Amino acid sequence: MPSEAGVPRRTVLTVLGAASLAGTFAAAVPAGAAELTGTSASATAADLPAAAAHWTFDEGAGTLAADSSANSRSATLQGAAGWDTGKVGTHSLSLTAGGNATASGPALDTSKAFSVGAWVNLAQLGGYQTAVSVDGKVVSSFYLGLRDDTGTFAFARLGSDATQSAAVAAAASAPAANTWTHLAGVSDPAAGVIRLYVNGVLEGETAYTAGWAGTGDTAIGRALYGGGHVDQWHGLIDDVWMFPSVLTSEQVAALAGVPVETTTPLLSVDVAHPAHAVSPVLPGLMFEDINHSGEGGIYAELVQNRSMMASDTTPVHWSAVGGTTLSLDTANPLNAALNRSLKVVLPSGTGAGNRAGVANDGFWGIPVRPRTTYTARLFAKASRRIGPLRVAIESADGATVYASAHVPHIGTAFPGRPFELTLRTGSRTPAVGDARLTVTTADPAAARETLWLQHVSLFPPTYNNRPNGLRVDLMDKLVALRPKFLRFPGGNFLEGNTIATRFNWKNTIGPVWERPGHMDDAWGYWSTDGLGLLEYLEWVEDMHAQPVLAVYAGYALKGDHVTGDALKPFVQDALDEIEYITGPVTSTWGARRAADGHPKPFPLEYVEIGNEDWFDSSGSYNERFAAFYDAIKAKYPHLKLIATTSVTSRTPDLIDEHYYLAPSAAQASTHKYDNRDRNSTKVFVGEWAAQEGRPTPDLNAALGDAAWLAGLIRNSDQVLMECYAPLFSHVKNNVWATNLIAYDNLTSYVSPSYWAQHMLTSRLGTTVLPATARALPGLATVATRAGNRLYLAVVNCGTEKVNVPVELKGLAKGVKRQATATILTGPSRTTTNTLTEPDTLVPRTSTVTGAAASFTSTVPPLSVTVLELVLT
Ligand code: AHR
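Numbering (this note's numbering) for the sequence shown: 0 to 871.
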């Protein structure tokens, strides 16, 4: 982009022929403002409003720090507090050895507008360290300093004088140790926000309306929480000002001693010097059977309790048709796994005109569609040879038969394999979700006889036509996300409430009618384990992804845990499981996989040892992880092993961290990994979600998710893999509130969060470009590049549109004027998609023009925007 006299040309990014996006890209502003250059000058009193207090800390001796404002509120050095060289003037307050400086009473009324500024210099990063605060009775009425949860400087306030979560205006930049930094916090009740400025630049702004007055002391170098002194500052503090008014940006710049033009908004992207590669395995999926995600969800089986194992006492989901009597019969098992059957005593009136048998109500109804082929499989026998047996999909009242097929005769013993029938609906069949499956006979010879049924199954067409396969609409939605991996089978589902109800993979392979199933007691329903290990692997194969296999690690949710020799069988199970997945057909478990229908070994690179073992208060994970690690690494040294919490016994290849956050916390945490020690163990964020909305997230949560994900992408040299959780919820069984995708038995929809993730991971380059957002609080950004494509994602969590001046530094030549903008936005934070209105929030893509080395993009309120720019 040519410039005149060194001034970058103003450009306008406008939408080409897409009225729906009007206003998204608007008038340009000049960009390319000077870099921030630090200075040690202090603001002069002339620049600033009247102060409530001003401690220069220039005494350099004694225990008294004078207040140079008109209020003479001197502070007393406490504990190990002392003096050091000053940032402004000769001296500063040294709290390197501990202590603080306390002025009696509140220096100002924190229920009204106020501002506080200080130069700070941390001797050590980490934890909560408060530079300036005013005590309430239980908590401080504000906290200006470093926060542990965000890992950044922040200005925070609580809603009242009680412990609770805080409104946090967090910094966008990383804090540095042994460096002077100017912090300013502003509480602006008229605007309903609090702000944080770092070195004169507005870096954080968040809603806050609950101003209350702290009536206690004014503290420099500590805070109050839960009635006790906390947040010891380690380092130096200098030139603390307090004002009973809202400082303007210009006044804060003056206080920080920086030219105001270096504090204006700018998103600067360095095109020429990528920070690092985008992790090639970053976006994935996490699945466990929760909210009927598997049974009645993606596992396409339509019959609920097909194996009669869901209850020991009652044939739940089965009902009598035509006057039969139903019971569970352990004297007539199908096999050792399905060790009972459904006993159906047929009434004396069975015969022409009285069809008798059983009905199954499915998962909140059996779904029916026109022109559809269903496959039924069942085992049946009777006390004498009878027939035919009709299998029908019919309306709940039995008045309408949508499709049916017959078993001509059944004998007096269960056959070796199930009867298999094809049922087809016609072109005029309506799409209904409340049908039932019936198995009946009208054979007069069956009157007063007994019928036994087991494994009564009905499948619609499945994804890739896999027998015992997966629901097509849900798979389509997952495949569209192009996940790199699937983490399975849990989550709590892996662990079970007790060791007996863990995911015992050996019970989940082989013919489905030989799988006993187990109680999914973590989430409250029966799992047939029809969705077993091989089905998970084929699911992964169908998505062209790779498995992240979670192996059971000897801990159950209620606290049972196994150590020592007792752990050895579980370790062996994990080794066998890996062999089943990866072993040649000549190996024991590879041969078993081949016998199950998949001779080709599956690729496997990542194995996770357990799930959320920080819950194991016995502390046994250290030992358990070591046992699994040693055995797996000995046999499979190439496998990368994931720990579920920090361990000291071995060094895991990755650590799985889970984050379920409020949307505001997710938004504020976009910088969580920015300041991480780049040499520490890499991270797998194996579960995360901003939680708001039921059964799926609303727009506010989606914005939190997008801001959080932008941070993960930016830091994908540290966070190698990520997957949102939970993935699915049946709308009739929403036990976990906020999930990515929801459905009933007929239809499904995706949430705005799905779309936000789709946008950020499908418009993603191969390298992360350094992108510095200056004075753009509330925005989260990430820039990536692949060849001549530059993807710039901007998340605006605020309710005002924002003009974002963009500067592309280091362009080899230039950038095409035409670009593509994809935007997800909606009218309010609570706007969402539902089963009946699935497309309220969907991203829109349009062509825009005006892209240049410097341009301004106006991002709508409450929006996720991804610009795709073409480099020339
Ligand atoms: O995702 C829901 C649950 O959250 C998972 O089962 C568990 O790992 C976590 O606590």
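Cβ atoms here follow ideal geometry from the backbone N, Cα and C, with glycine treated the same way. None of these values were measured; they are calculated from a predicted model.
Limits of the unbroken beta strand (DSSP E) element including residue i
i, result
"R427", "That residue, R427, is in no beta strand (DSSP E); it is neither H nor E in DSSP."
"M518", "517 to 519"
"D108", "Unbroken run through D108: none, as it is neither H nor E."
"Q128", "128 to 134"
"R389", "388 to 393"
"Q453", "449 to 458"
"G821", "Per the sequence presented here, residue 821 reads as Thr, with Gly not at that position. Where T821 is concerned, the enclosing beta strand (DSSP E) stretches over 817 to 824."
"Q303", "Neither: Q303 is in no beta strand (DSSP E) and is coded neither H nor E."
"G184", "179 to 187"
"N699", "No beta strand (DSSP E) contains N699, which is instead part of the alpha helix (DSSP H) from 698 to 713."
"V343", "340 to 344"
"S853", "853 to 858"
"R156", "152 to 156"
"Y605", "605 to 608"
Proximity below 8 Å, CB of residue i to CB of residue j
i, j, result
"G361", "Q303", "yes"
"L638", "V606", "yes"
"T562", "R623", "yes"
"T643", "E611", "yes"
"V682", "L719", "yes"
"V137", "D108", "no"
"Y298", "L530", "yes"
"L866", "L698", "no"
"G234", "V87", "no"
"L345", "E448", "yes"
"A395", "A434", "yes"
"Y544", "P482", "Looking at the sequence itself, residue 544 is Ala, so the reference to Tyr does not match. Contact flag set, yes."
"A873", "A689", "The first residue shown for the chain is 0 and the last is 871, placing residue 873 beyond what the model contains."
"A664", "A792", "no"
"P387", "V406", "yes"
"A404", "T421", "yes"
"L341", "M307", "yes"
"A169", "T180", "no"
"N503", "D520", "no"
"Y672", "N714", "yes"
"T780", "L266", "yes"
Span of the alpha helix (DSSP H), counted from its first residue to its last, around residue i
i, result
"Q756", "751 to 761"
"R623", "620 to 634"
"Y224", "That residue, Y224, is in no alpha helix (DSSP H); its beta strand (DSSP E) goes 222 to 224."
"F569", "567 to 581"
"Q666", "662 to 667"
"L76", "First-last for L76: 74 to 77, but that is the beta strand (DSSP E), not the alpha helix (DSSP H)."
"V471", "471 to 479"
"S845", "Not the alpha helix (DSSP H): S845 falls in the beta strand (DSSP E), residues 843 to 848."
"F141", "F141 -> not in any alpha helix (DSSP H); beta strand (DSSP E) instead, spanning 139 to 145."
Outcome for residue i when other beta-carbon atoms lying within 10 angstroms are tallied against a minimum of 16
i, result
"T84", "exposed"
"A799", "For the sequence presented, residue 799 should be read as Glu rather than Ala. Exposed, since its Cβ has fewer than 16 Cβ neighbours within 10 Å."
"G213", "buried"
"W82", "buried"
"G321", "buried"
"V6", "Its pLDDT being 35, under 50, V6 is placed unreliably in this model, and the value from its coordinates should be taken loosely. With fewer than 16 other Cβ atoms within 10 Å, it is exposed."
"S164", "exposed"
"S456", "buried"
For residue j and residue i, believed in contact at Cβ under 8 Å, the rounded distance
i, j, result
"I654", "S668", "Rounded, the Cβ-Cβ distance is 17 Å, inconsistent with contact."
"I822", "P859", "7 Å"
"H275", "D716", "4 Å"
"G764", "T737", "29 Å between Cβ atoms; not a contact."
"G59", "T89", "6 Å"
"G215", "D134", "3 Å"
"F727", "S292", "4 Å"
"Q817", "T855", "Not quite, the Cβ-Cβ distance comes to about 16 Å (not below 8 Å), so this is no contact."
Okay, do the segment 185 to 197 and the segment 245 to 252 touch, 3+ Cβ pairs below 8 Å being the bar? yes
Between the segment 96 to 103 and the segment 115 to 122, are three or more C-beta pairs nearer than 8 Å? no
Within the chosen definition, does the segment 567 to 585 reach the segment 316 to 335 through at least 3 CB pairs nearer than 8 Å? no
Could you tell me whether the segment 282 to 294 touches the segment 481 to 501, where touching means 3 or more Cβ pairs closer than 8 Å? yes
Report yes or no: do three or more beta-carbon pairs, one from the segment 825 to 835 and one from the segment 686 to 697, lie closer than 8 Å? Counting Cβ pairs under 8 Å, three or more are found: they touch.
Taking contact to mean 3 or more Cβ pairs, one atom from each stretch, closer than 8 Å, check whether the segment 422 to 434 and the segment 366 to 377 are in contact. yes
Mind the definition here: the segment 393 to 407 touches the segment 465 to 482 only if three or more C-beta pairs lie below 8 Å; say whether that holds. no
Do the segment 558 to 574 and the segment 508 to 517 make contact, defined as three or more Cβ pairs closer than 8 Å? no
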